[in-house]
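As you go down the protein sequences, you meet chains A and B in turn.
Using UniProt numbering, the final residue of the first sequence is 259, and nothing's skipped along the way.
Using UniProt numbering, the final residue of the second sequence is 318, and nothing's skipped along the way.
Built from N, CA and C at the ideal position, the CB exists for glycine as well.
Quick caveat, the model's predicted, so the values are computed rather than measured.
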Amino acid sequence: MAKEEQRLRSSIVARTLAAQGHVELILESRELSRAVPGQFAHVLTPGMLRRPLSFSRIDPEHNRVGLLFQVVGSGTAWLAERQTNDVLDVLGPLGHGFPAPDPVRPWVLVGGGVGVPPLFAATQMWLQHTISTPQVIIGARTGAWVVMENDFKRLGVPLTVTTDDGSQGQPGNVLAPLQTWLDAHREGQVYACGPVPMLQAIRRLALGRATAYLALEQRMGCGIGACLACVVPTVGNSGMSYRRVCTDGPVFKAEELMW
Amino acid sequence: MDLHVEFPRGLTLANPVIAASGTFGFGPEYSRYVDVGALGGISVKGVSPKGWDGNPPPRVWETPMGLLNSIGLQNPGVDVFIQEDLPFLRQYPTKVIVNIIGHTVEEYRQVAERLNGLDGVHALEVNISCPNIKQGGMSFGQDPDQAFAVMQAVRGATDLPVMVKLSPNVTFPGLIAQAVEAAGADMISAINTVVGLAIDIDRRRPALGGVTGGLSGPAIKPVALRIVYEVAQQVRIPVIGMGGIQKTEDVLEFLMAGASAVMVGTITFQHPDRMNQIINQLPEVMRSRGFSSLQEIIGAALPGKADNTAEEEVSYES
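Written as structure tokens, this is what we have:
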């Protein structure tokens, strides 16, 4: 008997251009819509490996999830050409997502580039859960690449946008507004996702001042813990130990990482 | 159709499809996606006496029709495998082959000894061909004398059926195969990955953290078939073939080239249930070509026995 229950064939019910070179696909799947923000889908493409994509929105009420990605190679280019009613072959939801935020502590979400989508999913899911409204800080290389800005605005959360080239929002990266927020809030909770150098800097800013959860990306093989390709250096019992982004993460606490 | 295959020292597989080492973890990982009990065998990820950290990431890189990896044999050590994973594997009829690795001949001997006589361990695969570690590993598989020494030490430490996994990164794989046969190997598995390199042009440096990596996937299938075809004619012990198998017809290619069973690896990352599909399709694919047993297929593409080849050569002299 073939085990099919965890390998899902999910229909695309909507496709939108999220920004220049960025596409969001909305999939219909009861199983995927049970995901936790920060978890990912491992999507079959014509190459040698599946593509790990985190969920941009999770809607268990309507059995829908979103996958938002930038076209960077042949796999994502193929995915970007899929149309409504096409069916994707997906493993998921996979990995450990973000924990629900502590409702009484202040909360900030920091996303860079295609690291923004899982933070929208987290904001959407837990906005009503916290006493104080979370601050959202999103950054991109340039204004044309800013994703999900309008989605955050519709939720009515305070939003800061930064661009490296200053073409939109505050010039510079997300670190300056995060620093300001950390100075103003005690016992904060930082949820972050983005490029590795950004996460490394956020980790350094937050250590000892706030609880930071970082959602990592890494070149991935199987996606389910077998091949040990997608590792990241973490603090082990006796020095460094490599742990798997796919199953030990993708979300790690800042102090677990050894960067 | 009866698909079972018999090997020396009483090792019998229910069918000739084995999960290749390094692509299937220690067993539990894929059990949500794969009917583990339907596989002929599982070669678990390589284990060493004490754990190894493995290589820095990135550890995988896609190439046209191939996958380059530099995992570096990260593993928690043989004792953790025995305590945490072996009990899980015991629940299946699937034969468990433990891939063993070491930095020295003595380390290979230690792992082999530790696994000898354990309930649920059915065979060893001596990995003298991993291209991704600095010390030991592939160097043992590139020199007939060193390969002989490793196999001799393992033979002295275990009664289990033992296969030696060959490296394709040598001029004459048959010489290594003959050396380990002479040292008491029961089987040969071939091939391990082909050493390669990719450059990340955005970072202007090698794409993999370990610099070079091992190439697997369909890109290496012709290399693997050539080596299986050669080695099957150069040793008397059975050969287990692997390298780029994606579908049932590929299995027939390896069997006809002289393999008695196959290992399947890289395709599992895309299609976790492909090994199950291949096993299910095998009888029909065989029947449609007029075969009623695996024995009719194994070696079907090999030239005549050594004696016949010699006669043909004699005819050139007339």
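Practice item. For Q70 (chain A), go through chain B and note every residue whose CB falls closer than 7 Å to its CB, in chain order. Key: Those do not exist, as Q70 (chain A) stays about 14 Å from chain B at its closest Cβ, beyond 7 Å.
Exercise for review: Compare the C-beta of R59 (chain B) with all C-beta atoms of chain C and state if any pair is closer than 7 Å.
Suggested key: Within the model displayed, chain C is absent; protein chains A and B are what it includes.
Practice item. Using three-state DSSP, classify A20 (chain B) as helix, strand or coil. Key: coil
Check your understanding: So is A226 (chain A) in contact with chain B if we call contact Cβ pairs under 7 Å?
Key -> yes
**Study point:** Environment of G38 (chain A) [buried if 16+ CB atoms lie within 10 Å]
**Key:** Counting Cβ neighbours within 10 Å, G38 (chain A) comes out buried, since at least 16 surround it.
**Study point:** Residue of B:N192, B:N69, B:A149 and B:L197 minimising C-alpha distance to K221 (chain B)
**Key:** B:N192
**Study point:** Segment limits, alpha helix (DSSP H) that includes V180 (chain B)
**Key:** P173 to A182
Point to revise | Spatial neighbours of I71 (chain B) in its chain, beta-carbon cut-off 7 Å, leaving aside the 5 residues before and after | key: G22, G54, N55, R59 and N132
Review point. Does DSSP put R57 (chain A) in a helix, in a strand, or in coil?
Key: strand
Check your understanding: Interface residues of chain B around G208 (chain A) at Cβ under 9 Å?
Key -> Under the 9 Å cutoff, chain B gives no residues; its nearest Cβ is about 27 Å from G208 (chain A).
Check your understanding: Are the C-beta of C222 (chain A) and some C-beta of chain B separated by less than 7 Å?
Key -> yes
Review point. Going along the chain, which residues of its own chain have a beta-carbon closer than 7 Å to the beta-carbon of L13 (chain B), five neighbours each way excluded?
Key: H4, V5, G40, G41, K95 and A261
Check your understanding: How would you write the range of the beta strand (DSSP E) that Q70 (chain A) sits in, first residue to last?
Key -> Taken as a continuous stretch (DSSP letters only), the beta strand (DSSP E) holding Q70 (chain A) covers R64 to Q70.
Check your understanding: I267 (chain B) by DSSP, collapsed to three states: which one?
Key -> helix
Practice item. Output yes or no for whether 7 Å exceeds the beta carbon distance between R114 (chain B) and V78 (chain B). Key: yes
Point to revise | Contact the segment 276-286 of chain B vs the segment 239-253 of chain B: 3+ CB pairs below 8 Å | key: yes
Review point. Leaving out the 5 sequence neighbours to the left and right, which residues in its chain are closer than 6 Å to S10 (chain A) when beta-carbon positions are compared?
Key: Cβ-Cβ distances below 6 Å link S10 (chain A) to L27, S29, L88 and V90 in the same chain, with the five nearest sequence neighbours on each side left out; the list follows chain order.
**Study point:** Residues of its chain near Q234 (chain B), where Cβ-Cβ distance is below 7 Å and the 5 sequence neighbours each way are ignored
**Key:** G174, A177 and Q178
Exercise for review: Within 10 angstroms of the Cβ of K153 (chain A), are there 16 or more other Cβ atoms? Answer buried if so, exposed if not.
Suggested key: When all chains shown are included, K153 (chain A) counts as exposed.
Review point. What are the uninterrupted segments assigned as beta strand (DSSP E) that are 3 or more residues long and contained completely in the segment 133-198 of chain A, given in chain order?
Key: 135-140, 159-163 and 188-193
Point to revise | Segments of 3+ residues assigned as beta strand (DSSP E) that fall wholly inside the segment 120-158 of chain B | key: 123-127
Review point. Is the Cβ of E62 (chain B) closer than 7 Å to any Cβ of chain A?
Key: Interface residue, yes.
Point to revise | Same chain only: Cβ atoms within 7 Å of T84 (chain A), ignoring 5 sequence neighbours per side | key: I12, V13, A14 and R15
Check your understanding: So the alpha helix (DSSP H) N15 (chain B) belongs to, where does it begin and stop?
Key -> Premise fails: N15 (chain B) is in no alpha helix (DSSP H) and is neither H nor E.
Check your understanding: P99 (chain A) and L32 (chain A): beta carbons closer than 7 Å?
Key -> Cβ distance not < 7 Å, so P99 (chain A) and L32 (chain A) don't count as in contact.
Review point. Closest Cβ-Cβ distance between Q218 (chain A) and chain B: below 7 Å?
Key: yes
Exercise for review: Would you be able to state if there are at least three C-beta pairs under 8 Å between the segment 180-187 of chain B and the segment 144-163 of chain B?
Suggested key: yes
Review point. In whole angstroms, what separates the C-alpha of L53 (chain A) from that of G115 (chain A)?
Key: 10 Å
Review point. For R244 (chain A) versus G225 (chain A), is the C-beta spacing smaller than 7 Å?
Key: Going by C-beta atoms, R244 (chain A) is nearer than 7 Å to G225 (chain A).
Exercise for review: For my contact list, I227 (chain B) and P168 (chain B) are in at a C-beta cut-off of 8 Å; report their separation, rounded to the angstrom.
Suggested key: 6 Å between Cβ atoms; contact.
Check your understanding: From A:I137, A:G113, A:R105 and A:P101, pick the residue whose C-alpha is nearest to that of A19 (chain A); which is it?
Key -> Of the candidates A:I137, A:G113, A:R105 and A:P101, A:G113 places its Cα closest to the Cα of A19 (chain A).
Check your understanding: How would you list, in chain order, the residues of chain A whose beta-carbon sits under 9 Å from the beta-carbon of G54 (chain B)?
Key -> L228, V231 and Y242
**Study point:** Closer than 7 Å at the beta carbon, the chain A residues around E29 (chain B)
**Key:** Ordered by position in chain A, the residues that pass the 7 Å Cβ test against E29 (chain B) are I224, G225 and A226.
Practice item. Apply the 10 Å Cβ neighbour rule to N75 (chain B) and answer buried if 16 or more other Cβ atoms are within range, or exposed otherwise. Key: buried
Practice item. State the beta-bridge partners of Y242 (chain A) as determined by DSSP. Key: A:P233
Check your understanding: What whole-angstrom Cβ distance do M258 (chain A) and V235 (chain A) have, given they're in contact under 8 Å?
Key -> Indeed they touch by this definition, with Cβ atoms about 5 Å apart.
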